[in-house]
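Numbering (our numbering), first residue to last: 500 to 900.
Right under this line is the structure:
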């Protein structure tokens, strides 16, 4: 990507390479004409270049320009629409923009065969057999995607480990790439385990004590049960909802806290569908805090996560509700932050910045799907945990909650 972006001629003097083939030859000074990988400004210039192209083509190719503006992460573009016709028009406009001003777009992949009819085989990511091979996968931004089924697939690749150490445990955690938080109840258990290792003050390559080694071995072997677990990419399962609500649940324990966002949609004939959108968890500080304060931290996390998600999905005007099982947190939120202690007041101020007091509700602990975020869940039980993926039953009523 960088090598296809020319630098202004009068600024190329700042990208010099001094070179000679051997010490007997005089030094030569070469100017680099394109964006150079490794320089601090390179990622910014590459992203700004795409934004500039989008702005210049906004009138002639509005759909393609908007896609460039909103759906590219460095050199990867991922997006779509609710209509095949619209998606094909976006693709058509993107190809025209790239031929005029940008690099040729390659590695095309789609969940519908018509989107690949006008793309040469050499420009496709893989040769997708839409008629037969439904389990074919590709890797996109670190996620394993099954185009034919239009599902994300969990891949657990831990490799062999002869000795469990703090280094190997941390490496295994890094291999569980989960940007959406679908595996958050599993990841938080591993985070809590690593925190326990830090409290023991073990060195990076010191073998774990026998009890912790057995605990980790059991957990690590259990992770293999997550392999090939499938999650729908489209939260509405391909339907166009008549009405959408966002419900955010938060919870905390002494060890961790977290928040989960669910999309509640009303489809045809009043049918209600609820799906997990994303989640985030954090381990509690080693400095002991009261449960109400940790519950407040979880509520802050839910408010901030929602404030990030809604603009990205263009759901700013969607009715949003926040749920907590802590009556104390609700009392804090409904009070004036100036009357509270500094720690509480600062977090209430953040909540008031992103939400209103009318949006907050109370829910019992047994109905709170974020409960497993704060306590963790063994890997073997995640796939069958319906409340985690589909939310509590109270969201399935036909009337507004």
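By construction, the Cβ of each residue, glycine as well, lies at the ideal position given by its N, Cα and C atoms.
Between the CA atoms of residue j and residue i - distance to the nearest angstrom
i           : j           : result
residue 771 : residue 824 : 24 Å
residue 652 : residue 864 : 30 Å
residue 894 : residue 702 : 47 Å
residue 900 : residue 861 : Legend: pLDDT at residue 900 = 43, less than 50; position of this residue unreliable, no value from coordinates given.
residue 904 : residue 797 : The chain is shown only over 500 to 900; residue 904 falls outside these bounds and no answer can be derived.
residue 830 : residue 717 : 42 Å
residue 517 : residue 543 : 25 Å
residue 841 : residue 847 : 10 Å
residue 573 : residue 545 : 7 Å
residue 674 : residue 791 : 33 Å
residue 867 : residue 776 : 15 Å
residue 627 : residue 688 : 37 Å
residue 891 : residue 734 : 16 Å
residue 502 : residue 804 : 36 Å
residue 780 : residue 756 : 6 Å
residue 547 : residue 782 : 36 Å
residue 815 : residue 896 : 23 Å
residue 827 : residue 719 : 37 Å
residue 625 : residue 632 : 12 Å
Among the options, nearest to residue i - alpha-carbon criterion
i           : options               : result
residue 657 : 762, 651, 667 and 591 : 667
residue 793 : 758, 511 and 886      : 758
residue 801 : 646, 664, 749 and 620 : 749
residue 722 : 672, 768 and 735      : 672
residue 859 : 868, 866 and 820      : 820
residue 514 : 869, 537 and 525      : 537
residue 763 : 838, 884, 852 and 774 : 774
residue 608 : 733, 576 and 585      : 576
residue 645 : 555, 725 and 729      : 729
residue 591 : 866, 639, 564 and 696 : 564
residue 738 : 719, 755 and 765      : 765
residue 641 : 649, 669, 670 and 679 : 679
residue 747 : 584, 724 and 808      : 808
residue 799 : 827, 835 and 849      : 849
residue 714 : 521, 693 and 724      : 693
residue 599 : 618, 768, 556 and 616 : 556
residue 695 : 784, 618 and 624      : 784
residue 768 : 742, 778, 634 and 787 : 742
residue 691 : 634, 669, 621 and 732 : 669
residue 654 : 639, 665 and 661      : 639
residue 856 : 835, 789, 872 and 843 : 835
Proximal residues to residue i (C-beta, below 7 Å), its chain only, five neighbours per side dropped
i           : result
residue 571 : 549
residue 629 : 612 and 647
residue 506 : 514, 532, 533 and 534
residue 618 : 607
Nonlocal neighbours in the same chain, by C-beta distance under 8 Å from residue i, ignoring five residues either side
i           : result
residue 880 : none
residue 512 : 530
residue 597 : 603 and 604
residue 578 : 566, 569, 570 and 589
residue 876 : 684, 685, 688, 884 and 887
residue 839 : 831 and 847
Endpoints, the alpha helix (DSSP H) within which residue i is located
i           : result
residue 541 : 541-555
residue 694 : 683-698
residue 589 : 583-599
residue 804 : 790-811
residue 703 : First-last for residue 703: undefined, no H or E at that position.
residue 746 : Here residue 746 belongs to no alpha helix (DSSP H); instead the beta strand (DSSP E) covers 742-751.
residue 889 : 885-889
residue 872 : 870-874
residue 530 : Here residue 530 belongs to no alpha helix (DSSP H); instead the beta strand (DSSP E) covers 527-530.
residue 566 : 561-569
residue 729 : Here residue 729 belongs to no alpha helix (DSSP H); instead the beta strand (DSSP E) covers 729-731.
residue 664 : Per DSSP, residue 664 belongs to no alpha helix (DSSP H) and is neither H nor E.
residue 827 : 826-832
residue 848 : 841-853
residue 785 : Element bounds for residue 785: n/a, residue is neither H nor E.
residue 879 : 878-881
Close Cβ partners of residue i (< 6 Å) along its chain, the five nearest in sequence each way excluded
i           : result
residue 712 : 663
residue 745 : 817 and 819
residue 874 : 752
residue 526 : 517 and 519
residue 853 : 802 and 806
residue 898 : Caution is warranted here: a pLDDT of 44 is assigned to residue 898, below 50, making its placement in the model unreliable, and the coordinate value is therefore given only provisionally. So the list is empty, once near-sequence residues are dropped.
residue 581 : 739
First and last residue of the uninterrupted beta strand (DSSP E) at residue i
i           : result
residue 479 : Residue 479 is absent from the model: the chain starts at 500 and stops at 900.
residue 779 : 771-782
residue 515 : 515-518
residue 860 : 859-861
residue 533 : Residue 533 -> no beta strand (DSSP E), and no H or E assigned at all.
Suppose only complete runs of 3+ residues qualify. What are the beta strand (DSSP E) ranges in the region 604-660, listed by chain order? 637-639, 642-645 and 650-652
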